[in-house]
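*Asks:* Chains as they are written, first to last, in the working numbering: chain W, 14 to 286; chain X, 14 to 286; chain Z, 30 to 337; chain G, 6 to 287; chain U, 6 to 287.
Heads up, the beta-carbon is just placed ideally off N, CA and C, and yes, glycines get one too.
Supplied in structure tokens, the structure appears directly below.
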Ligand SMILES: Nc1ncnc2c1ncn2[C@@H]1O[C@H](COP(=O)(O)OP(=O)(O)OP(=O)(O)O)[C@@H](O)[C@H]1O
Ligand SMILES: Nc1ncnc2c1ncn2[C@@H]1O[C@H](COP(=O)(O)OP(=O)(O)OP(=O)(O)O)[C@@H](O)[C@H]1O
Ligand SMILES: [Mg+2]
Ligand SMILES: [Mg+2]
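In structure tokens:
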């Protein structure tokens, strides 16, 4: 279980450099103060390389979202340092180095699908040097196979389609990093399976670095190259598992016995934490 | 794959009789009229025997809930007949032959856990001959391992605990049939796995007949003796799979390769439908 | 008229026959003739119109004697310079079967009148040897009288809507006016700031002349005047305003005294008596004199119609 | 839910007495605006008939309460008067509606942009809301004179508070997820406002507008009571002093008609503007 | 969210001018009722100071608009008068509140039990709501006489509609899941009402009660205007006639104080009764 498959970036991330995309050192987040103080995560060190697909798993409330939000500059860590391609999360956010996809699709219900995907160009772009490296919104919709729904309102779409719109919106700026916080948690299993395969296709094409939070051990194993298991609160990294699966992952692989075995291993790591 | 394991009823359902608990013949449900007419399910025949654990799976919107609601006397079928131990669903409902558990736990937020579990004794009992065959509410809470939370309000509980309260409320009347509509759909996978094992334990103890709707192929295979695969709308029964697993099912079994194989088989049946 | 002067007149109440002369003066151009460009502001139930003069919204207002006395008592800088009504019309009506023939009979009765009428009632009772404690003062109008919710009700005899209900009563009715029972003040006084009187006496003189002409024309052309009134205030009804205007002109605008002293005449003696009565009841300061509430200079300067 | 669904809401088991009505209502369509209108019509008619009966049987004098027939007669007789006096009232109410709501929304926006201003003045605004507006109408007259201004001011004041409260709630009740998204996109405060808060607040603002559109008519009427010779408020008072109760009731109905028309217009506008489902999170 | 969270709501980037206030507010606690009270106090004080300044600088005579100092002086002088006249107003408002809300809830319950009655009379009730209550006060007085009854009636009428609308919404806005559960449990209509609808409606009813408790004070005052010789409404009118604007303002403040006290009492009751989170579905 040691085979880190480095997919060949075909699309927009700079090719070749297997440098660190994300470097977390001694991250510690404490919420509140006094007797309401909650130490959510304690002393997390983690490096994610360029182009890697890493999943975070752990029990509910253990701090997965918190860790992702530290990377996304939504929360400032109480201690420790986070670097994204050598920059602070704040600068990376302004430079649109990363995009984020949430559990809910978080679309603007009053705008069409296309307008939703265009949102990143309408807001916050004053900070950007040039937008030349961005994608066309229609192209992003084509990538998630929704080009026929450009003028639909989000309410007309199914849950899975909405989540694909959210992914298109995240991709449209050609981010070097994609942060995903249980992006398929609200979908039913059959739809989820389909989107998993699609996400892998996009990742493969674009060569983006993906940090993916999930509750589903199957999903984590099926998608990622490495799975980071977090312990209960105050959360530290219980262990990291390198996934042993062929780099080409199709729906058939979902029910492969190798996945079952690795899920079992994750389960035992979780129980230990 | 033909080994129907009939668990030994240890608790309250009449022992021995492997008679039909539920008999559905030619069930057809059409919603609306005119050009808004939606034929949800078409011509469904299904027999569920006493003490059996049957799962219903199918794509979203195919009519799984509709079928369950016909059994539960929430919807009257447009055509066809449903019999529950030879009685009409209406009579069965009044006689408390079945209980229902929904996707949301559907608790009364203003009442304590114990009061929620006691609800079936407070309402609708005027129709009952005698309540001697019912269980004590505290006993029901003990069955779902929540006896310490009798006086808590639902808001103080986690999602998984709430769903266990809902199960206790369903069990407290000692129903001969338990109808469950995606009872664990809103929970995260780790909690879901635990509750799956607990549900099996209760089923084993009580000898109840369970009809279980789910989106999760894994869950369906892990829990049931038979899995009913429904086709797309207008839905009919695409096929029924007898599950080939030992009757004693523990958490270890979750990642067993036999499950993966049977999930793959269900997946192909679904794709056909 | 060359450069006419803008003047705002605040009426004491909703426009009706009681302010017919002013409205006619506006409509017939009598104000224009004297070089005034007058705007008439209507009053209403929830307004104290003297405030309009104090705040400068209106240069001239029409007001009632009690208001003027209270304002003077507070030292507010206003003054009256004439009064269209020679007698205050306030009258207390009761149904015939109650047999209330004098104020002395009010003892133990329920008297319906405005909140602001309490001092007037007190004076009347005092004159009859009673006090406010001998009656129950409630607010009620004529319907309350007919519904036996009150025994006595105060209204103006010029209010045809009120009177019609009473006059039609089969058992007849009794009435006691404040004028006949020892409280003789006038009504519909013309009021301005003292400052205006000093600095713009000419304007007030011109106003008085125009109003005089307005009322005289009204008296001579009552039917046409009512039409003009209804045009100005469209919710008025001709069949109610016609008799009302007749009574107002006959009984209140032109009396024996106007035959002698002219339109809008004000009696300083009556002012003094009224102030004394109010002071005796503690409603106003003892030190108030007629000069605090009235200034005769406009009346002295303007020749006015003498008729009855 | 439709007819196939067993009556979960459990609405019609007890047929208490009104069998005839039940029989009639069965003939009506099952749902939709037609049924609402028809059933409402039946209800309203039954009230009117009852009122007429009470008036006739007890011989209630018309100076107390007019019978419906008197009122209809008054409407027929006075419709020109009512229509022409509705014009100034509608004008005042409309201007008050515009000004009151505009200021309320502007204040709410300033609150969004500066939290400290909100903290300082929002509690005060809520306190001022408890002051009976009707009581300060005369004060407004002293300050603003006797023209259309005090009437517009009363109408505007009456509109101000519900809209302020709802707009503040709307601007802040934006889904935290959307705000987080905007933060990740490095949106400026103005961009957050323009793309998110504005739309998020619209449903709240419209529900306030639907309240204030009926309130502003009341405001204009109360404003007219402090002095006017035209307008619905004026006719109301004059009819009252004339004991012309049929006209009084006709005028009240006119006021109510204006309010209903305003409500209908705002409702249609709402339908046109809010094309998404505000209850749904997507 | 707390201080660790980067300002997503984006509230304080633009420090426009009011640096001093900013500096003071930094000394205050970050949140909680203390901060609300202190900031609200600062805001209110700034308004009062501004008002005093305008009065002093422009030399506005106190009989037009009193300065805050005049008003405070009037409160000090007249507090006994105000207090004794508050009693009848509070009594009327309280009785009106009880009766109006009781009847509204009873009607709403009858609507729940009989859909046809609701279909017939609910639209009518909504229409009647647009009638300016203030305009029918005189009619009520004629019908009910001179005692406390017409004042209570106006207060009750003003309470009636918001509570009716909210109670109807509350009784019907019960989670369909809970209704389905009750159906499966074969609960009778009364049981559904007793165990589900009643509790489901409470949050809606309380939010109506919080509106109507301030409205009923206004109702009592308007009722007093059409005829009373005690009560806040009476003092209000009398102060106006007496050119005593400081007392007028003091009386308005008293009315507002009564409304605020009522609001506070209902809010405390709400906290005691609604011990669950009405927003959450469990
Ligand atoms: N803003 C906050 N203030 C206080 N506590 C917080 C805050 N955000 C998160 N927490 C606490 O920090 C802990 C970690 O939360 P986090 O949302 O990161 O968990 P998670 O692993 O994402 O859980 P889940 O799987 O349920 O999404 C939890 O105990 C939570 O209650
Ligand atoms: N009351 C109703 N009126 C009209 N159509 C309905 C009604 N209830 C269900 N339907 C339709 O019937 C079909 C089947 O619905 P059902 O809820 O049974 O599907 P399901 O299999 O349970 O879906 P899911 O997995 O999403 O829960 C759907 O197309 C749905 O839109
Ligand atoms: Mg999370
Ligand atoms: Mg379903």
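Counting only C-beta atoms, is residue 105 (chain Z) closer than 8 Å to chain G at any point?
*Replies:* Cβ-Cβ to chain G under 8 Å: no for residue 105 (chain Z).
*Asks:* From residue 50 (chain Z) to residue 241 (chain Z), what does the alpha carbon distance come to, in whole angstroms?
*Replies:* Roughly 8 Å separates the two Cα atoms.
*Asks:* Could you tell me whether any Cβ in chain W is nearer than 8 Å to the Cβ of residue 277 (chain X)?
*Replies:* yes
*Asks:* Could you tell me which residues DSSP pairs with residue 282 (chain W) in its beta bridges?
*Replies:* According to DSSP, which records beta bridges pairwise, residue 282 (chain W) is partnered with nothing at all.
*Asks:* Within this structure, are the beta carbons of residue 200 (chain Z) and residue 126 (chain Z) separated by less than 8 Å?
*Replies:* yes
*Asks:* Check whether the Cβ of residue 198 (chain Z) lies closer than 8 Å to any Cβ atom in chain U.
*Replies:* Nearest CB-CB separation between residue 198 (chain Z) and chain U: not below the 8 Å threshold.
*Asks:* Should the segment 137–157 of chain Z be called in touch with the segment 73–87 of chain Z, which here means at least 3 C-beta pairs below 8 Å?
*Replies:* Cβ pair count under 8 Å is below three, so no.
*Asks:* Should residue 266 (chain X) be flagged as near chain W, meaning a C-beta pair shorter than 8 Å?
*Replies:* no
*Asks:* Can you check the segment 189–263 of chain Z for any beta strand (DSSP E) of at least 3 residues that lies completely inside it and give the ranges in chain order?
*Replies:* Qualifying beta strand (DSSP E) stretches, in chain order: 202–206, 216–222.
*Asks:* Given 8 Å as the limit, is there contact between the segment 201–216 of chain G and the segment 149–160 of chain Z, that is, 3 or more CB pairs closer than that?
*Replies:* no
*Asks:* May I ask you to report which of helix, strand or coil DSSP gives residue 144 (chain Z)?
*Replies:* helix
*Asks:* If I measure Cβ to Cβ from residue 206 (chain W) and keep anything under 8 Å in the same chain, skipping five residues before and after, which residues do I get?
*Replies:* 264, 267
*Asks:* In the DSSP assignment, the alpha helix (DSSP H) including residue 63 (chain W) goes from what residue to what residue?
*Replies:* Taken as a continuous stretch (DSSP letters only), residue 63 (chain W) belongs to no alpha helix (DSSP H), as it is neither H nor E.
*Asks:* Keeping to the same chain, check which residues put their C-beta closer than 6 Å to that of residue 187 (chain Z); ignore five residues upstream and five downstream.
*Replies:* 118, 273, 276, 277
*Asks:* Name the one or two DSSP bridge partners that residue 109 (chain Z) has.
*Replies:* Z:220, Z:323
*Asks:* Just confirm the distance between the C-beta atoms of residue 179 (chain W) and residue 276 (chain W), as a whole number of angstroms; I'd bet it's less than 8 Å.
*Replies:* The pair is not a contact, with the Cβ atoms about 27 Å apart (cut-off 8 Å).
*Asks:* Which runs of the alpha helix (DSSP H) fall wholly inside the segment 48–92 of chain X and span at least 4 residues, in chain order?
*Replies:* 77–84
*Asks:* Check distances from the C-beta atoms of the segment 176–200 of chain U to those of chain G and list, in chain order, the residues that come in under 7 Å.
*Replies:* Listed by position along the chain: 184, 185, 188, 194, 197.
*Asks:* Could you check which residue in U:233, U:116, U:124 has the C-alpha nearest to that of residue 153 (chain U)?
*Replies:* U:233
*Asks:* For a test of your reading of the model: does the CB of residue 50 (chain U) fall under 7 Å from any non-hydrogen atom of ligand 4? Yes or no.
*Replies:* no
*Asks:* Are there three or more Cβ pairs, one per stretch, closer than 8 Å when the segment 157–173 of chain G is compared with the segment 235–255 of chain U?
*Replies:* no
*Asks:* Quick check: what's the CA-CA separation for residue 36 (chain G) versus residue 232 (chain X)?
*Replies:* 42 Å
*Asks:* Tell me, please, which residues DSSP counts as bridged to residue 97 (chain W).
*Replies:* The partner list for residue 97 (chain W) (beta bridge, DSSP) reads W:35, W:100.
*Asks:* Are the segment 214–222 of chain G and the segment 100–119 of chain U touching by the rule of at least three beta carbon pairs closer than 8 Å?
*Replies:* With the rule of 3 Cβ pairs closer than 8 Å, the segment 214–222 of chain G does not count as touching the segment 100–119 of chain U.
*Asks:* Hey, is residue 78 (chain W) close to ligand 3, as in C-beta under 7 Å from one of its heavy atoms?
*Replies:* Result yes, Cβ under 7 Å from ligand 3.
*Asks:* Buried or exposed, going by whether 16 or more other CB atoms sit within 10 Å of the CB of residue 248 (chain W)?
*Replies:* buried
*Asks:* Excluding sequence positions up to five away, which residues of its chain have a Cβ less than 6 Å from the Cβ of residue 159 (chain X)?
*Replies:* Excluding the 5 residues flanking it on each side, residue 159 (chain X) has same chain C-beta neighbours closer than 6 Å at 177, in chain order.
*Asks:* My parser needs the alpha helix (DSSP H) runs of 4 or more residues fully inside the segment 38–125 of chain U; what are they?
*Replies:* 38–62, 73–118
*Asks:* Identify the contact partners of residue 246 (chain G) in chain Z, using a Cβ-Cβ distance below 8 Å as the criterion.
*Replies:* 43, 188, 190
*Asks:* Give me the subset of the segment 68–90 of chain G whose CB atoms are less than 9 Å from a CB atom of chain U, sorted by chain position.
*Replies:* 68, 69, 70
*Asks:* When you check each C-beta in the segment 210–238 of chain U against every C-beta of chain Z, which residues fall closer than 9 Å?
*Replies:* 230, 231, 232, 233, 234
*Asks:* Let me know the beta strand (DSSP E) ranges lying completely inside the segment 120–183 of chain W, each 3 residues or longer, listed in chain order.
*Replies:* none
*Asks:* Quick check on the burial criterion: 16 or more other C-beta atoms within 10 angstroms. Buried or exposed for residue 196 (chain Z)?
*Replies:* exposed
*Asks:* Check distances from the C-beta atoms of the segment 217–233 of chain X to those of chain W and list, in chain order, the residues that come in under 9 Å.
*Replies:* 227, 228, 229, 230, 231, 232
*Asks:* Using the Cβ count rule (16 or more neighbours within 10 Å means buried), how would you classify residue 230 (chain G)?
*Replies:* buried
*Asks:* Residue 48 (chain U) CB to nearest chain G CB: under 8 Å?
*Replies:* Taking Cβ atoms only, chain G reaches closer than 8 Å to residue 48 (chain U), which makes this a yes.
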